[in-house]
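Visitor: Reading the sequence shown from the start, the letters are residues 0 to 438 in numbering that gives the first Met the number 0.
Think of the CB as a built atom: it goes at the ideal place given N, C-alpha and C, for glycine as much as any other residue.
First, the structure itself, so that you have it in front of you.
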Amino acid sequence: MKRIRQTNRWTNCELLFSWFVFLLFFLATCLNSLSAIVRREFLNMNYASWEISEWLINYEGGFVRRGIMGQMLWALEQWFPFDVRVALMGVCIIASALMLWGILRLFRKEGWALLIIPTGFCLGYTLFSLWGRRDYISLMLTFSIFLIFKQVISHPRSWTRWAAFYALSAFQLLMHEAAFFYTFPILMLYSYCQGRDSRLSASKSILRCLAQFSPILIVMAAACLFKGGEDVAQSIWDSWLPIIGNYQDDTSKMGFAMVALTWDVKATFVGHFTSAFIGDVSPAAWRVPLALLNLLAVYYLTTRLNTVNMGIYKPKPMNHVLMSNVVLVQLIALVPMFTVLSCDWGRTLPYCAISSMFFYHLFKDEPVRFMPSLTAASSKIQTFISDNRVLRSPYTYILLVMLAPVPTYKAPLDHINTFQQKFFYLFTDLFHQLASFIS
């Protein structure tokens, strides 16, 4: 009887603790989104800002990376003028609502705890915010591409499915080439392992894989080669000036995203790496371990999604080894985004977590698995976690969700760029106000 009461007590503590942390981050996410919409985006939407100008890159200066969405917007503007900033906010709200609905539906189907959804590992920094830019559209395309590729494998002679696969893939890469890293390496590895599973030699499996993905690789190569320049950037900006004139703001300089088309590659790589791991304000090497901690955390949190029981639905069995395979592949594939191509941790970590969840959900029942060496490594790691009383504890999971210092961008704790810092300053301010009221 004592054991039953003790179990119920710990279960109730788990429920209360998990819901406290979830609601804390959920409230912070809502406040962050509302603040961004009202204060920064609706009242001060600037054409030159990253949030707006990256959408405006088009082909009016010639073919260039990330130009397809801007070209579509520009073409629509020629038919009937509209304030593109307001339209982009509408697109952002719709995409956020669809992503939130899709993620909640996915978690319900898999029986996963909702705990990480409002954190920086998932939707915490980008939900209903223009700062996420085209990420949600791209991730929804990733889900669609995964789904169509699964159908293609089952029906390899269906040219309509192949056409849809290549069309969506090309559109996604022309929208933003960074999508390549969280969408296609894992599919290419899957294709290679499928060839090996069919008793093809290694060389034939590689050739088969390259043949299947050659159109995608060509589009990716084109997006990388045609990276832009000063003339292209100026032509793009000039193409929007009549529209900016009709719906004016205080913009007096070229958009940051157009300026980025002129950046030197080496300087860009070094700048991103330094900002992501060291920081720009009072550079300190102690931020490196915090950044690495977040990479370990995204692995642990994503591979153990059924650890916590929040009482909404009963946790379901999870293939931790398979999810580990998927997350490890995504982490390796996204190394360029984590190092030299971006310093926006609040966007790149969700690339890894969300795309891994999508792949696991769609392919968990398929017969083809990953390379034996990868599976062996995943098996050892997951066995170690399962055998360790601390690591398998739901309280360890909850504490890591609460304490992992995921920044919006740049190195952790560089400026006030983590939820934890915002919580600290909020509670400190409330404490001072309460103390001053009492005194």
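Checking 8 Å against the spacing of the C-beta atoms, do N305 and G101 come in under that value?
Guide: It is not a contact, given that the beta carbons lie outside the stated cut-off.
Visitor: Which partner residues of E59 appear in the DSSP bridge assignment?
Guide: G61.
Visitor: Between M336 and the rest of its own chain, which residues show a CB-CB distance below 7 Å, the 5 nearest in sequence each way excluded?
Guide: Closer than 7 Å at the Cβ level, and outside the excluded window around M336, lie A177, F180, T347 and Y350.
Visitor: Quick one: Cα of D413 to Cα of T118, how far?
Guide: Approximately 18 Å between the Cα atoms of the pair.
Visitor: In the region 209-260, which residue ranges form an unbroken alpha helix (DSSP H) of at least 4 residues, counting only runs that do not cross its ends?
Guide: Correct list: 229-245 and 255-259.
Visitor: Whose C-beta lies closer than 8 Å to the C-beta of T374 among residues of the same chain, with five residues either side of it excluded?
Guide: So the qualifying residues of the chain are V320, N324 and R368.
Visitor: Could you check what DSSP says for P366 in three-state terms: helix, strand or coil?
Guide: DSSP places P366 in coil when its eight states are reduced to three.
Visitor: If you reduce the DSSP assignment to three classes, tell me which class I3 lands in.
Guide: Because the pLDDT at I3 is just 43, under 50, the model does not fix this residue reliably, and the value given afterwards should be weighed accordingly. Reduced to three states, the DSSP call for I3 is helix.
Visitor: Which same chain residues, not among the five before or five after W18, have their C-beta less than 7 Å away from its C-beta?
Guide: Answer for W18: M309, listed in chain order.
Visitor: Could you tell me whether the Cβ atoms of T482 and A47 are closer together than 8 Å?
Guide: Any question about residue 482 goes unanswered here, given that the chain covers just 0 to 438.
Visitor: Buried or exposed for G194, please, with buried defined as at least 16 other CB atoms from any protein chain shown within 10 angstroms of its CB.
Guide: Classification for G194: buried.
Visitor: Beta-carbon separation of N57 and S238 under 8 Å?
Guide: Yes, they are a contact pair.
Visitor: DSSP on P117, reduced to helix/strand/coil?
Guide: Coil.
Visitor: Please report how far the alpha carbon of L425 lies from the alpha carbon of P406, in whole angstroms.
Guide: About 17 Å.
Visitor: Is N57 close to the ligand SAM? I mean its beta-carbon at under 7 Å from any heavy atom of the ligand.
Guide: Questions concerning the ligand SAM fall outside what the structure shown contains, since it holds no ligand whatsoever.
Visitor: Out of E13, L23 and R132, which has the shortest C-alpha to C-alpha gap to W49?
Guide: Taking only the C-alpha atoms, the option nearest W49 is R132.
Visitor: Residues in the same chain with beta-carbon distance under 6 Å from K1, minus the five sequence neighbours each way, listed in chain order, please.
Guide: Low confidence applies to K1: its pLDDT is 44, below 50, so where it sits in the model is not reliable, and the reading given next is rough at best. Result list for K1: empty, nothing under 6 Å.
Visitor: What first and last residue would you give for the alpha helix (DSSP H) that runs through L72?
Guide: Element bounds for L72: I67 to W78.
Visitor: Taking the straight line between their C-alpha atoms, what separation do you get for F183 and T427?
Guide: Going from the Cα of F183 to the Cα of T427 covers about 45 Å.
Visitor: What does a CB cutoff of less than 8 Å around Q441 pick up in its chain, not counting 5 residues either side in sequence?
Guide: Given that the chain is displayed from residue 0 to residue 438, the structure contains no residue 441 and the question cannot be resolved.
Visitor: Once the 5 residues before and after T125 are set aside, which same chain residues still bring their CB inside 8 Å of it?
Guide: Hits under 8 Å: S95, G131, D134, Y135, G345, R346 and P349.
Visitor: Can you give me the start and stop residues for the alpha helix (DSSP H) that Y191 sits inside?
Guide: A178 to D196 is the extent of the alpha helix (DSSP H) around Y191.
Visitor: Find the nearest neighbour of M98 within the set I353, L188, R391 and K252, judged by alpha-carbon distance.
Guide: Answer by Cα proximity: I353.
Visitor: State the start and end residues of the unbroken alpha helix (DSSP H) segment that holds V334.
Guide: Start and end: V334 to T338.
Visitor: Near L105, what residues of its chain come up, given a Cβ to Cβ distance below 7 Å and the 5 sequence neighbours on each side ignored?
Guide: So the list reads M356 and H360, once near-sequence residues are dropped.
Visitor: Taking three-plus beta-carbon pairs below 8 Å as touching, is the region 55-71 in contact with the region 215-235?
Guide: Yes, the region 55-71 touches the region 215-235.
Visitor: Report yes if the CB atom of V389 is closer than 8 Å to the CB atom of L114, and no otherwise.
Guide: In this structure, L114 does not lie closer than 8 Å to V389 by Cβ.
Visitor: Give the secondary structure of P406 by DSSP, where H, G and I count as helix, E and B as strand, and everything else as coil.
Guide: In this structure, P406 counts as strand in the three-state DSSP scheme.
Visitor: Is F402 near Y299, with beta carbons less than 8 Å apart?
Guide: The sequence given here places Leu at residue 402; Phe does not occur at that position. Contact: no.
Visitor: To the nearest angstrom, how far is the alpha carbon of I144 from that of W161?
Guide: If you take the alpha carbons of I144 and W161, they lie about 10 Å apart.
Visitor: Measuring straight from C-alpha to C-alpha, what distance separates I397 and F16?
Guide: One C-alpha to the other measures close to 8 Å.
Visitor: Under three-state DSSP, which class holds T417?
Guide: It is a strand residue.
Visitor: Kindly indicate which residue of R84, F422 and Y312 has the alpha-carbon position closest to the one of N31.
Guide: The candidate whose alpha carbon is nearest that of N31 is F422.
Visitor: Determine the extent of the alpha helix (DSSP H) in which D134 is found, giving its start and end residues.
Guide: Run containing D134: D134 to S153, per the alpha helix (DSSP H) assignment.
Visitor: Would a C-beta distance cut-off of 8 Å place E217 and E59 closer than the cut-off?
Guide: The sequence given here has Ile at residue 217, not Glu. Not closer than 8 Å, so no.
Visitor: Of all the options I277, L240 and Y246, which has the alpha carbon lying nearest to the alpha carbon of G254?
Guide: It is L240 whose Cα lies nearest to the Cα of G254.
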